[in-house]
Amino acid sequence: MDELGARAAAFVARHPRHARLRHVGTSRAGTPLLLLSVGHGGRQVLVVAGPHANEPVGGATALRLAERAAADPRLTEGADATWNLLLCADPDGLRRNEGWLSGPYTLGRYARNFFRPGFLEQPEWLPDGPDRATLPETRALLDLQDELRPFLQCSLHGVDVGGGFVELTHDLPGIAQRIAQTAARLGVPRELGAYDTLYWPDLGPAVYRIPPPRRGDLTAAITEAAVDSTWCHPGRYGTVTAVVEAPMWGVAAVADGTPPADRDGVLRAVSRALRHDTRRLHRVLARVRPHFAGVPEAAHLLAPVDDYLLVCPRLADAWDPDTDDGSGRSLPPMSTAHLVALRLAGRRLALRTAGLLHQLVTRAGSDPAGVLPELDRLVDEGCADYRDGCAARWIPIARQVEYQTRVVLAAFALAGRRRTADSRSGEPGRCSEAAVPMHRD
7 MDELGARAAA FVARHPRHAR LRHVGTSRAG TPLLLLSVGH GGRQVLVVAG
57 PHANEPVGGA TALRLAERAA ADPRLTEGAD ATWNLLLCAD PDGLRRNEGW
107 LSGPYTLGRY ARNFFRPGFL EQPEWLPDGP DRATLPETRA LLDLQDELRP
157 FLQCSLHGVD VGGGFVELTH DLPGIAQRIA QTAARLGVPR ELGAYDTLYW
207 PDLGPAVYRI PPPRRGDLTA AITEAAVDST WCHPGRYGTV TAVVEAPMWG
257 VAAVADGTPP ADRDGVLRAV SRALRHDTRR LHRVLARVRP HFAGVPEAAH
307 LLAPVDDYLL VCPRLADAWD PDTDDGSGRS LPPMSTAHLV ALRLAGRRLA
357 LRTAGLLHQL VTRAGSDPAG VLPELDRLVD EGCADYRDGC AARWIPIARQ
407 VEYQTRVVLA AFALAGRRRT ADSRSGEPGR CSEAAVPMHR D
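So the number in the numbering used here is just where the residue sits in the sequence shown, counting from 1, plus 6.
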């Protein structure tokens, strides 16, 4: 986190006429929220890095985008654009991941040092609407959106294991082809059936339409992004939001769009494995929780544990072809890619829960409940399934950053061409056709 701020300050020192760095808020722990701006155009772009604490690639991407914008006037003066780069929306959470950020990048090291706060402590979500948002990080982001009225907002996320994909509030025709070209050139698999977009409309391969927020229970909010969010808030200004997902460990099979040989058999196996792991984790939690009652530090780790164990049984039922989950929805048509994504997601939920409980115990310096051997088994089994069963392979950071950068630049070029009444940063009646070329090799 400190390195991001230092590198941004050094960038401004090298480009004093084109770049500015300012504080736009303060985190709950008192860390400044930093905005790096490049250019002086009237049309605003907002890039949000680090909205999820365990997805650090966005910070490096933001700095790469700043370098590109400073070097290529077609991205600033030529498009009448200013790039506004929020370096990290959750700096406190990012610091809690520093146990794995310096490497070596192994699945086991990541799982045992993983941190992501509970759903209600994640800055992009607005479960009670924007007027009742209480997190200072959320309020800072909302204020920034209202100040800038961007024509494009890009939220930079990272899939831990899987493939790359994009979620959009508005269609950007042509973006699927650009993503396909970028993914092929960089060796990044496209996720053609992302589990959290299972019921969302497709806008093209690995491109999904974010539906309007709806009322629902916390399970739907966590698993389907079904609540209001800072993705949707600037829509009142005509903003296009693109959520750009870049994988850390790639799995080639998430790009397999062929019909599965035995859909129901795979779904039963995935649901059975998730239920089995959930029961094991509930038993571990029941033994651990009494030893940490009233410990403030433990609450940060137990909140996401409770979230994951809340959604696991519901998802297992929703995916099981033999179970009525009570939602009234049937599963959509599925390719092999969808089934692989569900397998990865089930493992992800169990592995994150085990990793958080592992940290809770190891940071205490003792294991009064005697649960570490079981947690180590859970972590090792999950990592082995990713590595050996799913052929997950680490994608070098430079390639993650370049992939995400190119997708953002593609969204910038295409959003700049949209003919809408409010395409000029929320000013009605203005129309722009800025054709900004994507940066190429």
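Where a beta carbon is used, it is the ideal one built from N, C-alpha and C, also for glycine.
| Check | Outcome |
| --- | --- |
| C-alpha gap between G332 and H288, whole angstroms | 23 Å |
| Environment of E83 [buried if 16+ CB atoms lie within 10 Å] | exposed |
| Opening and closing residue of the beta strand (DSSP E) in which F171 lies | 171-174 |
| Residues near H29 by beta carbon distance below 7 Å, same chain, minus five either side | P38, L39, L40 |
| Collapsed DSSP secondary structure at A19 in the structure displayed | helix |
| Buried versus exposed, by CB contacts within 10 Å (16 or more), T411 | buried |
| Span of the alpha helix (DSSP H), counted from its first residue to its last, around L308 | 302-325 |
| Own chain, CB closer than 7 Å to P217, minus 5 neighbours either side, in chain order | W206 |
| Rounded separation between D313 and L209 - CA only | 30 Å |
| Terminal residues of the beta strand (DSSP E) in which N90 lies | 87-92 |
| Rounded C-alpha distance that separates R369 from G48 | 49 Å |
| The stretch 166-179 / the stretch 411-422 touching (three or more Cβ pairs under 8 Å) | yes |
| Distance between beta carbons of F171 and R196, contact taken as under 8 Å | 7 Å |
| Residue nearest to F17 in terms of C-alpha spacing, selected from G109, R320, L42, G65 | L42 |
| Strand pairing of R49, partner residues [DSSP] | A87 |
| Own chain partners of A421 with C-beta closer than 7 Å, once the 5 adjacent residues on each side are dropped | F157, L158, L178, V246 |
| First through last residue of the beta strand (DSSP E) which encompasses V165 | 158-168 |
| Distance between W325 and D223 (C-alpha atoms, nearest Å) | 18 Å |
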